[in-house]
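Scroll down for the structure; my scribbles are underneath it.
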Amino acid sequence: MNNVRRWIKPAIQAMKAYQVPASTGMIKLDAMENPYSLPDALKQQWCSELKNVEVNRYPDAQAVLLKKKLREVMAIPEDMGIVLGNGSDELIQIIAMALAQPDRTYIAPEPSFVMYQYIAGIVDVRFAGVPLNNDDFSLDRNTMLDAIEEHQPAVIFLAYPNNPTGNLFDKTIIIDVVRNAPGLVVLDEAYHAYSRESFIPRLDRFENLLVLRTLSKSGLAGLRLGFLAGSPEWLNEFEKIRLPYNINVLSQMTAEFILSHHEVLDAQTQQVCRSRETLFSNLIQIDGIQVWPSSANFILFRPRAQKANDIFAGLRQQGILIKNLHGSHPALSQCLRVTVGTESENTAFITALKQLL
Ligand SMILES: *Cc1c(COP(=O)(O)O)cnc(C)c1O
Numbered sequence: 007m008n009n010v011r012r013w014i015k016p017a018i019q020a021m022k023a024y025q026v027p028a029s030t031g032m033i034k035l036d037a038m039e040n041p042y043s044l045p046d047a048l049k050q051q052w053c054s055e056l057k058n059v060e061v062n063r064y065p066d067a068q069a070v071l072l073k074k075k076l077r078e079v080m081a082i083p084e085d086m087g088i089v090l091g092n093g094s095d096e097l098i099q100i101i102a103m104a105l106a107q108p109d110r111t112y113i114a115p116e117p118s119f120v121m122y123q124y125i126a127g128i129v130d131v132r133f134a135g136v137p138l139n140n141d142d143f144s145l146d147r148n149t150m151l152d153a154i155e156e157h158q159p160a161v162i163f164l165a166y167p168n169n170p171t172g173n174l175f176d177k178t179i180i181i182d183v184v185r186n187a188p189g190l191v192v193l194d195e196a197y198h199a200y201s202r203e204s205f206i207p208r209l210d211r212f213e214n215l216l217v218l219r220t221l222s223k224s225g226l227a228g229l230r231l232g233f234l235a236g237s238p239e240w241l242n243e244f245e246k247i248r249l250p251y252n253i254n255v256l257s258q259m260t261a262e263f264i265l266s267h268h269e270v271l272d273a274q275t276q277q278v279c280r281s282r283e284t285l286f287s288n289l290i291q292i293d294g295i296q297v298w299p300s301s302a303n304f305i306l307f308r309p310r311a312q313k314a315n316d317i318f319a320g321l322r323q324q325g326i327l328i329k330n331l332h333g334s335h336p337a338l339s340q341c342l343r344v345t346v347g348t349e350s351e352n353t354a355f356i357t358a359l360k361q362l363l
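Heads up: the sequence shown begins at 7 in this note's numbering, then just goes up one per residue.
Structural data, given as structure tokens:
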């Protein structure tokens, strides 16, 4: 034990491991997964193609075919590069490693995606959270520009839409942030399938802007595939850190296959968007909760009288798992986040919630 204390970096010793709650057998509305599986016919075709995958061989380190397909389906301009990650979390880690120096700071609005701060901690870089506006979690131009002036951040992470609040930040403020940033701005479009808003078409206008995407939230969370798009000058440096075989043969083959049938995922995510509107209108009709509008596949809400802990536990007792955000950040006091599920899952959730209130 003494050896562990002596040798593990103090910054790591001070951290708490990222916790994922058990969810077996539950209605899972906690992790922004697409609730639909693939149609049977497509699954069969996929399985028959899987037979041709040679698992005794290393994957294509450059994943040429998969990148070509991504470029086509995601409309990534020819002059922009692509780096693939084992989930976009890995790309956040690669960026964080590439720019890490002891005297540097990374910033992100807060509350936002916890991985930005978590990974800054791993690479031993200072992290400064910049508060979002109180009422609606919008990005405040002056607060953000002041933080840039003060911290001279090497990297600014912006989730667009933001997790866990669900809102899209104002485009003109994002552009001001990019123009005033001394370093890199990473626009994390993890929920693009549900917001349909993107800066990928504008990448060529901003030398210090990169766009991060993932296939996780749109239906392939189990595959672990994310990508970073932007100028090759930046991306060539990140390629040096990416381990050569980070995207395994099964993920490469499967992602390429499913992207060739992307209309299936598009139909599913459109259904989720319709269900989001139904879920939202059901939630705002309930007395005693505050609800925030969402451009993603989850909704943030706050019971006014009850404790979030009690609602969370009550739902879990009925087999429904959502995310309890109480305690994660002062601005999220008594807040809960529910992922949009299937129509029947959403109904089960609304029914159980009404009983608990
Ligand atoms: C879920 C999420 C990610 C991570 O996605 P993976 O590709 O599954 O690692 C990244 N950014 C935001 C904002 C997210 O909510």
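Glycine included, C-beta positions come from ideal geometry on N, C-alpha and C.
C-alpha distance - residue 209 paired with residue 321, whole-angstrom precision: Along the sequence shown, read from residue 1 onward, the residue named residue 209 stands at position 203. Along the sequence shown, read from residue 1 onward, the residue named residue 321 stands at position 315. The alpha-carbon separation between residue 209 and residue 321 amounts to approximately 43 Å.
Spatial neighbours of residue 134 in its chain, beta-carbon cut-off 7 Å, leaving aside the 5 residues before and after: By one-based count along the sequence shown, residue 134 stands at place 128. If the five residues before and after residue 134 are omitted, its C-beta is found closer than 7 Å to the C-beta atoms of 111, 113, 153, 157, all from its own chain and listed in chain order.
8 Å Cβ shell around residue 55 - same chain, five flanking residues per side excluded: One-based indexing of the sequence shown puts residue 55 at position 49. Excluding positions up to five away in sequence, the list reads 259, 263.
Stretch-stretch touch, CB-based, cutoff 8 Å, three pairs: the region 217 to 225 with the region 194 to 205: Yes, they touch.
Any 3 or more C-beta pairs closer than 8 Å across the region 263 to 276 and the region 326 to 339: Between the region 263 to 276 and the region 326 to 339, the count of Cβ pairs shorter than 8 Å is below three; the stretches do not touch.
DSSP-derived helix/strand/coil call for residue 14: Locating residue 14 in the sequence shown gives position 8, counting from the first residue. The answer is coil: DSSP assigns residue 14 none of H, G, I, E or B.
Beta-bridge pairing of residue 233 - partner residues as DSSP gives them: In the sequence shown, counting from the first residue as 1, residue 233 sits at position 227. Under the DSSP definition of a beta bridge, residue 233 partners with 90, 219.
Rounded separation between residue 37 and residue 151 - CA only: Counted from its first residue, the sequence shown places residue 37 at position 31. Counted from its first residue, the sequence shown places residue 151 at position 145. The alpha-carbon atoms of residue 37 and residue 151 are separated by roughly 32 Å.
Proximity of residue 318 and residue 305 at Cβ, strictly below 8 Å: Residue numbering aside, residue 318 sits at position 312 when the sequence shown is read from its first letter. Residue numbering aside, residue 305 sits at position 299 when the sequence shown is read from its first letter. In this structure, residue 305 does not lie closer than 8 Å to residue 318 by Cβ.
Integer-rounded CB distance, given that residue 243 should sit under 8 Å from residue 104: Residue 104 sits at position 98 when you count from the first residue of the sequence shown. Residue 243 sits at position 237 when you count from the first residue of the sequence shown. About 6 Å separates the two Cβ atoms, so the contact holds.
Rounded straight-line distance, which links the Cα of residue 117 to that of residue 13: Here residue 13 is taken as the residue at index 7 of the sequence shown, counted from 1. Here residue 117 is taken as the residue at index 111 of the sequence shown, counted from 1. Cα-Cα distance, rounded: 33 Å.
Distance between beta carbons of residue 236 and residue 87, contact taken as under 8 Å: Residue mapping note: residue 87 aligns to position 81 of the sequence shown, counting from 1. Residue mapping note: residue 236 aligns to position 230 of the sequence shown, counting from 1. Rounded, the Cβ-Cβ distance is 7 Å, consistent with contact.
Residue list, Cβ distance to ligand 1 heavy atoms smaller than 5 Å: Result (chain order): 93, 94, 95, 119, 165, 169, 194, 196, 220, 222, 232.
Counterpart residues of residue 308 in DSSP-defined beta bridges: Mapped onto the sequence shown, residue 308 falls at position 302. Answer is 296.
Given 8 Å, three or more beta-carbon pairs between the region 292 to 301 and the region 69 to 81: With a cut-off of 8 Å, the region 69 to 81 and the region 292 to 301 do not count as touching, because too few Cβ pairs lie within range.
Which listed residue (303, 252, 17) has its alpha carbon closest to that of residue 125: Here residue 125 refers to the residue found at position 119 when the sequence shown is read from its first residue. Residue 125 has its Cα closest to that of 17, out of 303, 252, 17.
Continuous beta strand (DSSP E) assignments of at least 3 residues falling wholly in the region 116 to 177: Entirely contained in the region 116 to 177, the beta strand (DSSP E) runs reaching 3 residues are, in chain order, 132 to 137, 161 to 165.
Counterpart residues of residue 185 in DSSP-defined beta bridges: Indexing the sequence shown from 1 puts residue 185 at position 179. Among the bridge pairs identified by DSSP, residue 185 is matched with none.
DSSP-derived helix/strand/coil call for residue 278: Counting from one through the sequence shown, the residue named residue 278 turns up at place 272. Looking at residue 278 - three-state DSSP - the assignment turns out to be helix.
Any 3 or more C-beta pairs closer than 8 Å across the region 170 to 184 and the region 132 to 149: With three or more CB-CB distances shorter than 8 Å, the region 170 to 184 counts as touching the region 132 to 149.
Contact check, residue 344 vs residue 71, beta carbons under 8 Å: Looking up residue 344 in the sequence shown gives position 338. Looking up residue 71 in the sequence shown gives position 65. No, Cβ-Cβ distance for residue 344 and residue 71 is not below 8 Å.
Residue 58, DSSP secondary structure in three states: Taking the sequence shown and counting its residues from 1, one reaches residue 58 at position 52. Coil at residue 58, not helix or strand.
Boundaries (first-last residue) of the alpha helix (DSSP H) holding residue 357: Locating residue 357 in the sequence shown gives position 351, where the first residue counts as 1. Residues 349 to 362.
Exposed unless 16 or more other CB atoms sit within 10 angstroms - verdict on residue 33: Here residue 33 refers to the residue found at position 27 of the sequence shown. Classification for residue 33: buried.
Contacting residues, own chain, Cβ-Cβ under 6 Å from residue 302 (five flanking each side not counted): As a position in the sequence shown, residue 302 is number 296, starting the count at 1. Non-local C-beta neighbours of residue 302 in its own chain, meaning closer than 6 Å and more than five positions away in sequence, comprise 167, 172, 197, 200, ordered along the chain.
Same chain, Cβ closer than 7 Å to residue 294, neighbours up to 5 away in sequence not counted: If you number the sequence shown from 1, residue 294 lands on position 288. Correct list, in chain order: 309, 310, 311, 363.
Endpoints, beta strand (DSSP E) assigned at residue 190: Along the sequence shown, one-based indexing puts residue 190 at 184. Note, residue 190: beta strand (DSSP E), 190 to 194.
Distance, residue 8 Cα to residue 15 Cα: Indexing the sequence shown from 1 puts residue 15 at position 9. Indexing the sequence shown from 1 puts residue 8 at position 2. Approximately 13 Å, taken between the alpha carbons.
Of the residues 102, 79, 141, the one placed nearest residue 132, counting alpha carbons only: Numbered from its first residue, the sequence shown carries residue 132 at position 126. Out of 102, 79, 141, 102 has the C-alpha closest to the C-alpha of residue 132.
Member of 100, 59, 50, 41 whose CA lies at the smallest distance from the CA of residue 250: Locating residue 250 in the sequence shown gives position 244, counting from the first residue. Comparing alpha carbon positions, the residue from 100, 59, 50, 41 closest to residue 250 is 100.
Close beta carbons around residue 274, own chain, < 7 Å, minus the five adjacent residues each side: Here residue 274 refers to the residue found at position 268 of the sequence shown. These residues qualify, in order along the chain: 40, 42, 225.
Nearest-angstrom Cβ-Cβ length linking residue 164 and residue 115, presumed shorter than 8 Å: Looking up residue 164 in the sequence shown gives position 158. Looking up residue 115 in the sequence shown gives position 109. That belief holds up - the Cβ atoms of residue 164 and residue 115 are roughly 7 Å apart, short of 8 Å.
Residue 357 to residue 67 span [Cα, whole Å]: Mapped onto the sequence shown, residue 357 falls at position 351. Mapped onto the sequence shown, residue 67 falls at position 61. Distance between the alpha carbons of residue 357 and residue 67 is about 49 Å.
Cβ pair residue 183, residue 162 closer than 8 Å: Along the sequence shown, one-based indexing puts residue 183 at 177. Along the sequence shown, one-based indexing puts residue 162 at 156. One thing to note: residue 183 has its Cβ within 8 Å of the Cβ of residue 162.
Residue 313 vs residue 340 beta-carbon contact at 8 Å: Numbered from 1 along the sequence shown, position 307 holds the residue referred to as residue 313. Numbered from 1 along the sequence shown, position 334 holds the residue referred to as residue 340. Contact flag set, yes.
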